[in-house]
């Protein structure tokens, strides 16, 4: 038992495209249907939400469900607001980020692009073993190839318990690699600074979310701009290589 030691509490953030099953996975982790979840082509979650449960060993598990930040229809201002909201909910830091993918759909370019943008902001395998898309393979390598197939619709209590424990074990692996320290980067430090500066006589207060949104949106736009530039350079390089290959073939055919 952890005897109420807050340092052993865990905060997990779920990311993924709308309809990939983030809310269902969150409920499986919590052991209760605390987030609204139903089979849907679109998303059920419209804003970042936090739910908490007490694990069997007495530790507190905080699970933050997020809306579809990976969808191309989401504007940078909306994404910035939700990232700021997510960070505000996880005031003591994030121990692990779960990327939820559906085995029913492909890992899209917009998922890869959004994940890259979020990674830069937070400083931060069946289908995987064969014909794994390069973008997904690259993402998995950056995650230490920590993956798990999670069945959110099974009614087998034993299976539910086993996959839940397996996922929490992966979270503990991340925590150990980080020497027990949750992620608390510049944005988290800004939250604490705002709370200290604005709190009267040590009382808690809401963070200046507007300031965080402005900071995050600015960095998101910069990140997206850099990503677009990189993609353009890669396309130009591929086109140049293709033209060179054609020229070489023509020279060989003339001889």
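In the UniProt record's numbering, the protein residues as written are 1 to 255.
Cβ coordinates follow ideal geometry from the N, Cα and C atoms, glycine included.
Near residue i, what residues of its chain come up, given a Cβ to Cβ distance below 7 Å and the 5 sequence neighbours on each side ignored?
i	result
residue 20	100, 101, 102
residue 60	9, 52, 54
residue 16	22, 70, 99, 100, 101
Roughly how far, in whole angstroms, is the beta-carbon of residue i from the beta-carbon of residue j, given that I think they are within contact range, below 8 Å?
i	j	result
residue 96	residue 160	Wrong, their Cβ atoms sit about 20 Å apart, outside the cutoff.
residue 98	residue 14	5 Å
Give the single residue among the options whose Cα lies nearest to the Cα of residue i.
i	options	result
residue 78	184, 46, 166, 30	46
residue 31	245, 181, 163, 67	163
residue 154	25, 177, 145	25
Excluding the 5 residues preceding and the 5 following residue i in the sequence, name in chain order all residues of the same chain whose CB lies nearer than 8 Å to its CB.
i	result
residue 27	33, 34, 35, 37, 152
residue 48	64, 65, 66, 67, 82, 85, 86, 89
On the DSSP bridge list, what partners appear for residue i?
i	result
residue 96	12
residue 62	11, 52
For residue i, I'd like the list of residues in its chain whose CB is within less than 6 Å of its CB, leaving aside the five on either flank, ordered along the chain.
i	result
residue 183	93, 94
residue 175	95
residue 146	170
residue 167	148
residue 122	The predicted position of residue 122 is uncertain, since its pLDDT is 45 and thus under 50; a value taken from the coordinates is nonetheless stated next. None.
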